[in-house]
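Visitor:
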Amino acid sequence: MTRSFRDLVLGLLAAVAIAVALWQLVATTAGLDIARTRVGPTPVTVYRLAGGPPAPVVVIAHGFAGSQQLMQPFAVTLARNGYVAVTFDFLGHGRNAEKLGGDITRVSGTTNFLVDEVGRVAAFARTLAGGDGRLAVLGHSMASDIIVRAAQADPGIAAVVAVSMFSPAVTADSPKNLLVVVGDWERRLKEEALRAVGLSFGDAVQPGVTYGRFSDGTARRAAFSPSVEHIAVLYSPASSREALAWLDGVFARKDSGYVDDRGAWIGLLILGIVLLAKPLAGLLPRVSETPRGAGLPWRRLWPVAVVPAVLTPLLLWKAPTSFLPVLVGDYLAVHFATYGLLTAAMLVLVKRWSFRDAAKQRTRNPYADAGVMDSGLADLRSAPRNDGSTRRDARSPAAFLLATALVTAYAIGALGGAIDWFVTSFVPVGPRWLLVLALAAGTLPYFLADEWATRGPGTGRGAYAATKALFLLSLAAAVALNLRALFFLILIVPVILAFFVVYGLFSRWAYHRTGHPWVGALANALGFAWAIAVTFPLLVR
């Protein structure tokens with residue numbers, strides 16, 4: 007079986023996977039009327055059953071660094087069962103270009119701004135034509151505390167569904183009709199859920215048991231969704247089922263039984279898009295006839311890989327972390343840039359050491375071949391011809407630019423489009439466009455240096471994965487050295503790891519076709535800058 011035939015088969019399978027996944031995901035909203043609007047600067051989406059009778063309205067709030075797309079499973083489940091579901095983007099999140107003010111570490115700061123925003127969205131929700139005047143709220147993670155406080159300030163809110171909740175505001179008698187849903191892998195939040203229920207009914211409370219009465223607002227329940235953690239709890243059918251059953255109990259309704267179960271289809275869609283990149287890479291123009299890159303074996307690669315990982319967090323220990331209006335994005339940009347510059351410096355040093363070693367070798371053996379460095383840093387500009395002569399390696403700037411543009415467009419457009427549609431907001435708005443450029447100034451040095459260091463003939467096995475692992479370890483060291491300022495970096499490490507894997511595959515396949523590591527490097531640099539710029543909240547500095 008030839009490589010081209012294997013790529014054709016893989017491309018067909020990937021296309022089928024994408025088509026099936028899209029079919030299933032689009033079908034989840036069948037029969038729904040979905041309208042988008044704004045409440046002041048706040049983007050709002052209203053889900054309701056087309057032609058359905060008036061029903062209770064549920065305001066649904068996402069967590070920190072999230073967006074309303076993350077809450078689609080709850081919104082669709084509730085709307086398909088006759089409720090009016092209202093999702094929105096908090097200040098500084100998603101498509102909300104209004105910066106988030108206040109101190110994010112104090113209740114008297116940012117929390118008050120967010121509680122007020124929930125109040126404004128709730129007031130809007132009460133005016134919806136499809137609502138019957140009754141109102142509940144649902145929120146995840148950070149928003150669980152926000153909706154608890156909003157419900158305590160608004161007696162008209164009949165129920166609270168708090169997902170992955172941590173809220174010191176919960177008391178023995180407020181909020182009314184509280185359901186706490188937690189992923190079974192969230193050990194500490196499971197303890198918090200039982201504590202919240204136990205405030206009213208004692209320490210012996212059990213998960214999966216409803217205490218109190220809906221009629222007088224005293225009902226409470228802790229429910230654990232099996233085999234999920236802090237993000238997957240949003241996509242667990244068990245979570246949506248618990249929320250639906252709770253609200254049906256509060257409002258004395260009978261549901262249709264539909265529960266959104268999109269998690270596997272989103273996974274299939276992303277997998278299809280990633281795998282389709284491999285056969286598509288075969289269509290890229292050839293940039294270099296000979297593979298470019300440092301080509302370092304491990305005995306020369308290890309200082310290039312290790313020194314930046316050790317020095318970067320030490321050099322940036324006291325670096326400022328508040329010069330860009332996006333949380334920890336400024337530090338990430340500086341970390342990427344410093345790491346990349348140190349990697350480039352080590353590449354230069356290793357090259358000098360290689361020349362020095364080669365000179366010593368020639369001194370000992372004048373007949374030694376000095377044309378190719380043992381380190382792999384040989385001048386690859388001359389490539390052998392079939393007739394035994396050499397010619398300058400054919401590298402077209404136009405081919406390089408075209409290949410880079412195509413890989414970047416696929417990484418951001420195809421993959422990012424799927425993320426934006428079904429996972430979380432991935433489109434920059436307002437000042438986020440400039441942030442993409444500012445962050446790219448940091449990611450470019452890193453990816454240009456790292457891709458060059460880990461590509462080329464003779465490169466040590468596993469070099470690419472090793473340098474990414476060392477980068478993540480350097481971030482962990484930076485957080486440990488400055489936990490107060492960089493605590494929120496912990497939230498993005500899993501995202502960075504996922505992008506390293508996916509964009510690393512794109513880079514690998516692009517390199518095998520084009521022969522130049524900087525095609526993938528530029529695509530990765532812009533892709534990472536884009537992802538960071540759209541993920542973390544915009545803050546008033």
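Counting in our numbering, the sequence shown runs without a single skipped number right up to 547 at its last residue.
Where a beta carbon is used, it is the ideal one built from N, C-alpha and C, also for glycine.
On a CA-only basis, which of Asn-87, Asn-488 and Leu-450 is nearest Trp-252? Give me that one, please.
Guide: Here the closest residue by C-alpha is Asn-87.
Visitor: Rounding to the nearest angstrom, what Cα-Cα distance links Asp-261 and Leu-443 in this structure?
Guide: Their backbone Cα atoms lie some 48 Å apart in a straight line.
Visitor: For Gly-100, tell me which candidate among Pro-437, Leu-421, Leu-286 and Gly-218 has the shortest Cα-Cα distance.
Guide: Residue Pro-437 is the option with its Cα nearest to Gly-100.
Visitor: Straight-line CA distance for Gly-208 to Asp-179?
Guide: Going from the Cα of Gly-208 to the Cα of Asp-179 covers about 13 Å.
Visitor: Note down, in chain order, each residue of its chain lying with its Cβ closer than 8 Å to the Cβ of Phe-428, except the 5 sequence neighbours on either side.
Guide: Excluding sequence neighbours, Phe-428 sits near Leu-31, Gln-75, Gln-78, Arg-268, Ile-272 and Leu-275.
Visitor: Just tell me which of Leu-511, Ile-24 and Leu-38 has its CA closest to the CA of Ala-287.
Guide: The shortest Cα separation from Ala-287 among Leu-511, Ile-24 and Leu-38 belongs to Leu-511.
Visitor: Using 10 angstroms around the beta-carbon of Pro-232, count the other beta-carbons present and answer buried if the total reaches 16, otherwise exposed.
Guide: So Pro-232 ends up on the exposed side.
Visitor: Whole angstroms are fine: how far does the CA of Ser-242 sit from the CA of Ala-164?
Guide: Taking the straight line joining both Cα atoms gives about 24 Å.
Visitor: Could you check where the alpha helix (DSSP H) with Ser-10 kicks off and where it finishes?
Guide: Counting along the chain, the alpha helix (DSSP H) containing Ser-10 begins and ends at 9–33.
Visitor: Please return the same chain residues whose Cβ sits closer than 8 Å to the Cβ of Gly-423, not counting the five positions on each side in sequence.
Guide: The residues are Phe-432.
Visitor: Assuming Ala-339 and Gly-218 make a contact with CB atoms under 8 Å, what is their CB distance in whole Å?
Guide: Ala-339 to Gly-218, Cβ: 50 Å. No contact.
Visitor: For Arg-140, name the three-state secondary structure that DSSP assigns.
Guide: Here Arg-140 sits in strand by DSSP.
Visitor: Quick one: is Ile-425 buried, meaning 16 or more other Cβ sit within 10 Å of its Cβ, or exposed?
Guide: Buried, by the Cβ-count rule.
Visitor: Take Ala-531 as the anchor and find which of Ala-420, Asp-456 and Phe-230 has the nearest alpha-carbon.
Guide: Nearest C-alpha to Ala-531: Asp-456.
Visitor: Apply the 10 Å Cβ neighbour rule to Val-92 and answer buried if 16 or more other Cβ atoms are within range, or exposed otherwise.
Guide: Val-92 comes out buried.
Visitor: Compare the C-alpha of Val-310 against each of Trp-359, Pro-181 and Ala-61 and name the closest.
Guide: Minimum Cα distance to Val-310 is reached at Trp-359.
Visitor: Looking at Phe-94 and Gly-335, is the spacing between their C-beta atoms short of 8 Å?
Guide: Going by C-beta atoms, Gly-335 is not nearer than 8 Å to Phe-94.
Visitor: May I ask which residues mark the beginning and end of the beta strand (DSSP E) holding Tyr-53?
Guide: Its beta strand (DSSP E) spans residues 48–55.
Visitor: Using the rule of at least 16 other Cβ atoms within 10 Å of the residue's Cβ for burial, across every protein chain shown, is Val-354 buried or exposed?
Guide: Label assigned to Val-354: exposed.
Visitor: Would the region 287–307 count as touching the region 460–480 if we require 3 or more Cβ pairs under 8 Å?
Guide: The answer is yes - the region 460–480 touches the region 287–307, with three or more Cβ pairs under 8 Å.
Visitor: Starting from Phe-506, trace the beta strand (DSSP E) both ways and give me its first and last residue.
Guide: Counting along the chain, Phe-506 falls outside any beta strand (DSSP E), though it belongs to the alpha helix (DSSP H) covering 495–520.
Visitor: Applying the criterion that 16 or more other CB atoms from any shown protein chain within 10 Å of the CB defines a buried residue, is Arg-194 buried or exposed?
Guide: Under this definition Arg-194 is an exposed residue.
Visitor: Given a threshold of 16 other Cβ atoms within 10 Å of its Cβ, counted over all protein chains shown, does Val-540 qualify as buried or as exposed?
Guide: That one is buried.
Visitor: Determine the DSSP secondary structure at His-99, reduced to helix, strand or coil.
Guide: Looking at His-99 - three-state DSSP - the assignment turns out to be coil, as it is neither helix nor strand.
Visitor: Can you tell me which of Glu-104, Thr-34, Leu-16 and Ala-71 puts its alpha carbon nearest to the alpha carbon of Arg-5?
Guide: Here the chain covers residues 7 to 547 and nothing more, so residue 5 does not appear.
Visitor: Name the residue from Arg-132, Leu-141, Ala-41 and Phe-70 whose alpha carbon lies nearest to the alpha carbon of Thr-116.
Guide: Selected option, being the one with the closest Cα: Phe-70.
Visitor: Going by other Cβ atoms of all chains shown within 10 Å of its Cβ, with 16 needed for buried, is Ile-538 buried or exposed?
Guide: So Ile-538 ends up on the buried side.
Visitor: What is the DSSP secondary structure of Leu-492, reduced to helix, strand or coil?
Guide: Helix at Leu-492.
Visitor: Counting C-beta neighbours from all protein chains within 10 Å, is the total for Lys-324 16 or more, i.e. buried, or is it exposed?
Guide: Flag for Lys-324 reads exposed.
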